[in-house]
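J.: Structure in structure tokens, see below.
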Amino acid sequence: MLDPYGDIQRKVRSYIADNPRADFSEVEENCFKGGDGLHAFTAISPRVFEAGLLESCQILVRGDYSHVISPWEHYIPIEDDASDFSVVFEAMKDTVLVDRLRRNCREALLSFDGLRAIEASRKVIELILAYKIRRNISSNTVLINRLIIKYNNEMVPAYLGYWRRQLLKQRFSVALKKFPLIDSLARAVHAKLV
Numbered sequence: 207m208l209d210p211y212g213d214i215q216r217k218v219r220s221y222i223a224d225n226p227r228a229d230f231s232e233v234e235e236n237c238f239k240g241g242d243g244l245h246a247f248t249a250i251s252p253r254v255f256e257a258g259l260l261e262s263c264q265i266l267v268r269g270d271y272s273h274v275i276s277p278w279e280h281y282i283p284i285e286d287d288a289s290d291f292s293v294v295f296e297a298m299k300d301t302v303l304v305d306r307l308r309r310n311c312r313e314a315l316l317s318f319d320g321l322r323a324i325e326a327s328r329k330v331i332e333l334i335l336a337y338k339i340r341r342n343i344s345s346n347t348v349l350i351n352r353l354i355i356k357y358n359n360e361m362v363p364a365y366l367g368y369w370r371r372q373l374l375k376q377r378f379s380v381a382l383k384k385f386p387l388i389d390s391l392a393r394a395v396h397a398k399l400v
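To convert a position in the sequence shown, counted from 1, into my numbering, add 206.
Laid out in structure tokens, this is it:
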């Protein structure tokens, strides 16, 4: 259950203090009707990211995975008791399927906006603004909005440029490794310049 400000918890404690013999359904009815099970608090594992970004074909227990990846589209599903191992084993032999799942998974992980830092910061700002409104706190909203726009206009492109340069450096380094003499010469020159 999502209770970011503790409102539900306070209601439940107060209700139980007045009704110590109340069971769960009574407490739910009086304190958070329809709120139980409204949100699923499951998350995708860092291991799924590591394997997916490295383009490993994953065999995962069939699950939700934060609505980011799906069975047979991004990974080979297996039942939690492995009762379908023969199906999984046959799927692993299908190189066309495995290649498609690997590429789809990597693309899904890289393109999911909900996993980006900018999305997390947007959610934090929304929570702060909601808290301000709830507590009737005033602040210079115009200045804050101007700073957010400035950040989006200046810093986001700067970060994107930085990561593009890093990718180019990595690709250049990998390409140079095919020519050991040129690679060692380039590293020596780079070391003197830095």
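For each residue, glycine too, the CB sits at the ideal point set by N, CA and C.
Could you check what DSSP says for residue 283 in three-state terms: helix, strand or coil?
T.: DSSP places residue 283 in strand when its eight states are reduced to three.
J.: Compute the Euclidean distance between the alpha carbons of residue 314 and residue 269, then round it to the nearest angstrom.
T.: The straight-line gap from Cα to Cα measures roughly 16 angstroms.
J.: Tell me which same chain residues have a C-beta within less than 8 angstroms of the C-beta of residue 383, skipping the five on either side of it?
T.: Only 389 meet the Cβ criterion.
J.: Out of curiosity, what's the CA-to-CA distance linking residue 343 and residue 329?
T.: Each residue's Cα considered, the two are about 19 angstroms apart.
J.: On the CB-based measure, 16 or more other CB atoms within 10 Å of its CB, does residue 381 come out buried or exposed?
T.: It counts as exposed.
J.: With DSSP as the reference, identify every bridge partner of residue 277, one or two as the case may be.
T.: 281.
J.: Along the chain, where does the beta strand (DSSP E) that runs through residue 266 open and close?
T.: 265 to 267 is the span of the beta strand (DSSP E), which, as asked, contains residue 266.
J.: Is DSSP giving residue 305 helix, strand or coil here?
T.: Looking at residue 305 - three-state DSSP - the assignment turns out to be helix.
J.: Does residue 389 come out as helix, strand or coil in the three-state DSSP assignment?
T.: Residue state, collapsed to three classes: helix.
J.: So residue 271 and residue 250 are in contact, right, with Cβ under 8 angstroms, and what is the actual spacing, rounded?
T.: That pair is a contact at about 5 angstroms.
J.: Using 10 angstroms around the beta-carbon of residue 280, count the other beta-carbons present and answer buried if the total reaches 16, otherwise exposed.
T.: Residue 280 should be labelled buried.
J.: Please report the residue range of the alpha helix (DSSP H) in which residue 226 lies.
T.: Element bounds for residue 226: n/a, residue is neither H nor E.
J.: Within 10 angstroms of its Cβ, does residue 364 collect 16 or more other Cβ (buried), or is it exposed?
T.: Looking at its Cβ environment, which holds fewer than 16 other Cβ atoms inside 10 Å, residue 364 is exposed.
J.: Run through DSSP, which three-state label would residue 312 get?
T.: In the structure shown, residue 312 sits in a helix (DSSP, three-state: H, G or I).
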